[in-house]
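Basically this note's numbering = 1-based index in the sequence shown + 4.
Built from N, CA and C at the ideal position, the CB exists for glycine as well.
These numbers were taken from a predicted model, which means no experiment stands behind them.
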Amino acid sequence: MKNYVKLDKTKLNQIPISEFADFITDNFDGSKTDFLVNCIQKWIKDNFNKSIHANDLMPSKRLMADLLDISTGTVQNIYRILENKGLLYSKQCIGTMIADINNTNSTLRKSSSKRDLAIELIKTFIKKNKFKIGEQLPSVRAISQYINIPVNTTGVAMENLVIAGIVKKTDNKDQCWILQSTSFDTKLDADNKSLINDVAQDLRRYINNNLKIGDKLPVHAKLAEKLKVSITTIHSALEILTKEGIILPKRGRYGTSVVKIPNISGLQPKPESAIFAKSQFTARYHYNRIQDAIINMIIEKYSLHSKLPSIMEMANLMDVSPNTIRKAYSNLANKGYLEFSRGRYGGTYVKQVPKHPDNKPFEWVAVNPKYADYTDN
Numbered sequence: 005m006k007n008y009v010k011l012d013k014t015k016l017n018q019i020p021i022s023e024f025a026d027f028i029t030d031n032f033d034g035s036k037t038d039f040l041v042n043c044i045q046k047w048i049k050d051n052f053n054k055s056i057h058a059n060d061l062m063p064s065k066r067l068m069a070d071l072l073d074i075s076t077g078t079v080q081n082i083y084r085i086l087e088n089k090g091l092l093y094s095k096q097c098i099g100t101m102i103a104d105i106n107n108t109n110s111t112l113r114k115s116s117s118k119r120d121l122a123i124e125l126i127k128t129f130i131k132k133n134k135f136k137i138g139e140q141l142p143s144v145r146a147i148s149q150y151i152n153i154p155v156n157t158t159g160v161a162m163e164n165l166v167i168a169g170i171v172k173k174t175d176n177k178d179q180c181w182i183l184q185s186t187s188f189d190t191k192l193d194a195d196n197k198s199l200i201n202d203v204a205q206d207l208r209r210y211i212n213n214n215l216k217i218g219d220k221l222p223v224h225a226k227l228a229e230k231l232k233v234s235i236t237t238i239h240s241a242l243e244i245l246t247k248e249g250i251i252l253p254k255r256g257r258y259g260t261s262v263v264k265i266p267n268i269s270g271l272q273p274k275p276e277s278a279i280f281a282k283s284q285f286t287a288r289y290h291y292n293r294i295q296d297a298i299i300n301m302i303i304e305k306y307s308l309h310s311k312l313p314s315i316m317e318m319a320n321l322m323d324v325s326p327n328t329i330r331k332a333y334s335n336l337a338n339k340g341y342l343e344f345s346r347g348r349y350g351g352t353y354v355k356q357v358p359k360h361p362d363n364k365p366f367e368w369v370a371v372n373p374k375y376a377d378y379t380d381n
């Protein structure tokens with residue numbers, strides 16, 4: 005398993021744009037993209053672990069484009085080519101960074117990009133249409149339309165296929181792309197293109213190796229730290245395992261428990277869980293109670309077009325989380341009782357005074373038969 009890392013953008017060293025001023029020239033052979041790729045590649049190798057280090061942030065595409073008098077699309081192509089060479093790597097919401105040249109096993113955890121998908125789609129296109137070595141391939145625009153990927157992304161994918169030795173690029177505009185090799189495999193596996201599915205698979209492996217039925221999973225924050233992803237990604241991956249019946253989330257101190265070991269066929273023992281409602285149901289009851297309380301408050305204390313307390317004020321008043329109030333407000337707005345306004349005089353206003361709610365705390369309750377009394381009085 006790779007040694008994944010998790011980065012904090014605020015703590016990363018930003019490489020100044022002035023480092024690339026020496027590459028401003030019109031005196032070069034071939035394409036400007038190839039020239040700049042070679043210049044930056046040499047600069048990285050010459051300065052690595054001297055003036056620059058692994059995880060240092062490259063300048064933004066916009067800054068590089070302005071300095072070198074090229075488009076941001078060209079900068080993206082350059083960064084992608086260098087990333088394919090193992091000199092750079094990127095992460096959404098962070099940027100493009102210097103790769104750890106001396107430790108290729110250390111990387112950021114991320115979902116596959118559109119570029120990677122385009123590469124696989126082009127390979128499949130070549131195989132499906134049975135192109136032969138030395139045969140001319142369609143233009144980037146034509147391939148883009150066929151695989152339904154943007155032209156710029158398709159162009160980057162073709163450049164990567166050139167580096168991989170699959171395609172040859174010529175200076176002839178009429179015959180720009182020539183197939184050079186058919187010795188490649190295609191890997192169009194949807195599961196490999198989702199970070200959430202990737203993390204879900206790691207969670208299955210973790211449960212298999214470390215837990216048994218009835219054991220509790222670590223809290224989301226610890227799982228996020230262990231797998232080097234965000235808590236949101238962990239939450240989404242756990243939802244997949246919940247739908248598969250591998251885990252059972254319960255509210256409060258009960259946490260999330262293992263109810264089935266993945267990849268084991270046959271009957272498995274089941275923990276006693278009938279007394280618990282699923283977390284989504286118990287959450288729903290809680291929101292309903294808060295909604296009912298807000299409706300009663302509106303009926304008793306407010307009139308049409310009156311302004312309600314803010315989400316934070318209402319949360320403090322009812323001693324619940326702001327998220328609970330936000331969802332209650334949203335539900336009541338969807339029912340036509342409230343409306344939201346922005347600006348200086350913005351807030352939450354009564355759009356329609358509701359009727360008294362039916363106070364039904366639960367739709368059902370699960371009772372362990374052990375404690376049920378069936379005797380007639």
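The alpha helix (DSSP H) enclosing Gly138, as first and last residue numbers:
As a first step, residue 138 must be located in the sequence shown, where it is residue number 134. Here Gly138 belongs to no alpha helix (DSSP H), and DSSP marks it neither H nor E.
Excluding sequence positions up to five away, which residues of its chain have a Cβ less than 7 Å from the Cβ of Ile19?
Residue numbering aside, residue 19 sits at position 15 when the sequence shown is read from its first letter. Excluding residues within five positions, the ones whose Cβ falls inside 7 Å are Ile56, Asp60, Leu61, Met62 and Pro63.
CA-CA distance, Leu231 and Gly138?
The residue given as residue 231 occupies position 227 in the sequence shown. The residue given as residue 138 occupies position 134 in the sequence shown. The alpha-carbon atoms of Leu231 and Gly138 are separated by roughly 45 Å.
State the Cα-Cα distance for the pair Ile21 and Glu248, rounded to the nearest angstrom.
By one-based count along the sequence shown, residue 21 stands at place 17. By one-based count along the sequence shown, residue 248 stands at place 244. Going by the C-alpha atoms only, they are around 49 Å apart.
Look at Lys40 and Ile74 and say whether their C-beta atoms are less than 9 Å apart.
Numbered from 1 along the sequence shown, position 36 holds the residue referred to as residue 40. Numbered from 1 along the sequence shown, position 70 holds the residue referred to as residue 74. Here residue 40 is Leu; the residue named in the question, Lys, does not match the sequence. In contact: Leu40 and Ile74 (Cβ atoms closer than 9 Å).
Given Gly159, which residues of its chain have a CB within under 6 Å of its CB, disregarding the five upstream and five downstream residues?
Start at 1 with the first residue of the sequence shown, and residue 159 comes out as number 155. Excluding residues within five positions, the ones whose Cβ falls inside 6 Å are Val144.
As assigned by DSSP and simplified to three states, the class of Thr236:
In the sequence shown, residue 236 corresponds to position 232, counting from 1. Helix at Thr236.
Start and end residues, beta strand (DSSP E) containing Val262:
What you label residue 262 is simply residue 258 of the sequence shown in a count that begins at 1. Counting along the chain, the beta strand (DSSP E) containing Val262 begins and ends at Thr260 to Val262.
May I ask you to report which of helix, strand or coil DSSP gives Glu343?
Along the sequence shown, one-based indexing puts residue 343 at 339. In the structure shown, Glu343 sits in a strand (DSSP, three-state: E or B).
Report the three-state DSSP secondary structure of Thr190 (helix, strand or coil).
Taking the first residue of the sequence shown as 1, we reach residue 190 at position 186. DSSP places Thr190 in coil when its eight states are reduced to three.
Along the alpha helix (DSSP H) that carries Pro253, what are the first and last residues, could you check?
Counting from 1 along the sequence shown, the entry for residue 253 is found at position 249. From DSSP, Pro253 is part of no alpha helix (DSSP H) but of the beta strand (DSSP E) over Ile251 to Pro253.
In whole angstroms, give me the CA-to-CA distance for Lys49 and Asn106.
Counted from its first residue, the sequence shown places residue 49 at position 45. Counted from its first residue, the sequence shown places residue 106 at position 102. Spanning the two alpha carbons is a distance of roughly 11 Å.
Below 8 Å on the Cβ atoms is my contact criterion, and I expect Ile167 with Leu141 to pass it. Report the Cβ-Cβ distance as a whole number of Å.
Here residue 167 refers to the residue found at position 163 when the sequence shown is read from its first residue. Here residue 141 refers to the residue found at position 137 when the sequence shown is read from its first residue. No, Ile167 and Leu141 are not in contact; Cβ-Cβ is about 16 Å, not under 8 Å.
Are the beta-carbon atoms of Leu91 and Ile102 separated by less than 9 Å?
Residue mapping note: residue 91 aligns to position 87 of the sequence shown, counting from 1. Residue mapping note: residue 102 aligns to position 98 of the sequence shown, counting from 1. Contact: yes.
Please state the DSSP three-state secondary structure of Met322.
Counting from one through the sequence shown, the residue named residue 322 turns up at place 318. Correct three-state label for Met322: helix.
On a Cα-Cα basis, can you pick out the residue from His224, Lys36 and Pro253 that is closest to Ile235?
Counted from its first residue, the sequence shown places residue 235 at position 231. Taking only the C-alpha atoms, the option nearest Ile235 is His224.
Go ahead and pull the three-state DSSP assignment for Tyr333.
In the sequence shown, residue 333 corresponds to position 329, counting from 1. Three-state result, Tyr333: helix.
For Thr352, which of helix, strand or coil comes out of DSSP?
Locating residue 352 in the sequence shown gives position 348, counting from the first residue. Strand, per DSSP.
Quick one: using the 10 Å Cβ neighbour count with 16 as the cut-off for buried, is Arg209 buried or exposed?
Walking along the sequence shown from the start, residue 209 turns up at place 205. The residue is exposed, with fewer than 16 neighbouring Cβ atoms inside 10 Å.
In or out: Tyr341 buried (at least 16 other Cβ within 10 Å) or exposed?
Against the sequence shown, residue 341 aligns to sequence position 337. By the 10 Å Cβ count, Tyr341 comes out buried.
Met101 at chain D interface by Cβ criterion, 9 Å:
Here chain D cannot be found, since the structure has a single protein chain.
For Phe27, collect the residues of the same chain with a Cβ closer than 7 Å to its Cβ; drop the 5 residues on either side in sequence, then sort them by chain order.
Mapped onto the sequence shown, residue 27 falls at position 23. Excluding residues within five positions, the ones whose Cβ falls inside 7 Å are Leu40, Cys43 and Leu72.
Contact defined as beta carbons within less than 8 Å: I believe Ile302 pairs with Pro358. What is the distance between those atoms, to the nearest angstrom?
If you number the sequence shown from 1, residue 302 lands on position 298. If you number the sequence shown from 1, residue 358 lands on position 354. Ile302 to Pro358, Cβ: 6 Å. Contact.
Please work out which residues of its chain come closer than 8 Å, Cβ to Cβ, to Gln80, disregarding the five sequence neighbours upstream and downstream, and give them in chain order.
Counted from its first residue, the sequence shown places residue 80 at position 76. Within the same chain, Gln80 has close Cβ partners Lys65, Asn156 and Val160.
Between which residues of its own chain and Thr37 is the CB-CB distance below 7 Å, once the five residues before and five after are set aside?
In the sequence shown, counting from the first residue as 1, residue 37 sits at position 33. Here the set comprises Thr78, Asn81 and Ile82.
Give every residue of the same chain whose Cβ lies closer than 6 Å to the Cβ of Asn17, excluding the five residues on either side of it in the sequence, and list them in chain order.
Here residue 17 corresponds to residue number 13 of the sequence shown, with the count starting at 1. Closer than 6 Å at the Cβ level, and outside the excluded window around Asn17, lie Asp60.
Looking at the structure shown, is Phe32 part of a helix, part of a strand, or coil, going by DSSP?
Indexing the sequence shown from 1 puts residue 32 at position 28. Coil.
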